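Residue numbers (the working numbering): 30 to 348.
Where a beta carbon is used, it is the ideal one built from N, C-alpha and C, also for glycine.
Just so it is clear, the structure is predicted and the values come from calculations on it, not from any experiment.
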């Protein structure tokens, strides 16, 4: 006879999706659902993290993710401090570890970091006592984006297991793609990828995905189509002839949408290169949930902060 074992969140950090158990992913999504309602109140704040301090350190430009994390912390009543690379001591030659240790000496409860080097969040997590949240490390992982994507798919489709989900675009340089492949395959989805041959990693099939050559193949039979941003800042060289050619062969538009299911869902992590990765008519069309992804991002980040540094019971989470 099997015994029921109560699972308790014990992680100090959120560094990626790859190491998360399925129950941990589902706990984050369920907790985020309970927080979603707070952002619809007249007074968008609860006392859950009162007295806690959250620092955001972004070594790469960001508007959406940074604001989303800051709103999440503020709506839980945490104090927030923002540091950008242009104003940090890194400009004076300070190492990442020294920066983190100095920040920790000021006793924050969580440090949220975006950094261009893969593994930087993991390095930080091993050297400081504060909780570390990976807000994107190079082309490695972007766990909160994958979680908000999973939450959005679950809301629209009612579940994720058994869905055909196609991820299209710059797979090689996308941390969003990598975290989503880990997350969606763990939750039972059938994941297909497509994009220019220069943007498809070698041996990517070992991650449990199907690779197709054309966008039309990826669109056909897909329940969800996730378009990706072209990661020009990480490519290092030209990987396709022109934006016009990319749009023609790998963009999502009304013409190739004729191949899609009647109830297909369209996603994009943003920011969108309109007319290149996705046409305006599709991005703003009836199948798009791009803005719902942004809304859910705040709830997911509230859930992660609560689980990492709130340490409270679920009954008081959204009180």
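- Between the C-alpha atoms of residue 246 and residue 162 there is a straight-line separation of about 36 Å.
- Within a 10 Å sphere around the beta-carbon of residue 306 sit 16 or more other beta-carbons, which makes this residue buried.
- In the three-state scheme derived from DSSP, where H, G and I count as helix and E and B as strand, residue 248 is classed as helix.
- Taking a cut-off of 8 Å for Cβ pairs, the segment 52 to 71 and the segment 317 to 337 touch, as three or more such pairs fall below it.
- Per DSSP, residue 204 is one residue of the alpha helix (DSSP H) stretching across 204 to 215.
- Across the structure, residue 165 and residue 287 are spaced so that their CA atoms are roughly 34 Å apart.
- When DSSP states are grouped into helix, strand and coil, residue 183 belongs to the helix group.
- Three or more beta-carbon pairs separated by less than 8 Å link the segment 76 to 88 to the segment 136 to 156, which places the two stretches in contact.
- DSSP places residue 57 inside the alpha helix (DSSP H), whose first and last residues are 51 to 65.
- The Cβ atoms of residue 251 and residue 209 lie no closer than 8 Å to each other.
- Counting only runs of at least 3 residues, the segment 236 to 301 fully encloses the following beta strand (DSSP E) elements, listed from N- to C-terminal order: 253 to 256, 294 to 296.
- Beta-bridge analysis with DSSP links residue 83 to 109, 139.
- Looking from the CA of residue 255, the closest CA among 223, 279, 196, 291 belongs to 196.
- At least 8 Å separates the beta-carbon of residue 335 from that of residue 132.
- Excluding five sequence positions before and after residue 244, the CB atoms of its chain that fall closer than 8 Å to its own CB belong to 197, 223, 278, 279, 280, 281, 285, given in chain order.
- Contact annotation: residue 189 and residue 294 have beta-carbon atoms that are not nearer than 8 Å.
- Residue state for residue 154 is assigned as helix, using DSSP reduced to three classes.
- Taking a contact to require three or more Cβ pairs closer than 8 Å, the segment 107 to 115 and the segment 48 to 63 do not qualify as touching.
- Sixteen is the threshold: since fewer than 16 other Cβ atoms of the shown chains lie within 10 Å of the Cβ of residue 191, the residue is exposed.
- Going by DSSP, residue 319 is part of the alpha helix (DSSP H) stretching over 319 to 334.
- Judged by DSSP secondary structure, residue 166 falls outside any alpha helix (DSSP H) and instead within the beta strand (DSSP E) spanning 160 to 166.
- Note on geometry: alpha-carbon atoms of residue 320 and residue 177 lie some 11 Å from one another.
- 8 Å or more divides the Cβ of residue 260 from the Cβ of residue 171.
- Its chain contains 309, 312 as the residues whose beta carbon lies nearer than 7 Å to that of residue 303, once the 5 sequence neighbours on both sides are disregarded; these appear in chain order.
- Comparing alpha-carbon positions, the option among 315, 167, 57, 276 lying closest to residue 329 turns out to be 57.
- Note: residue 221 is bridge-paired with 195, 239 in the DSSP secondary-structure output.
- Look at residue 306 here: in three-state DSSP terms it is coil, with no helix or strand label.
- For residue 99, the three-state secondary structure derived from DSSP is helix.
- Per DSSP, the unbroken alpha helix (DSSP H) holding residue 127 starts and ends at 125 to 133.
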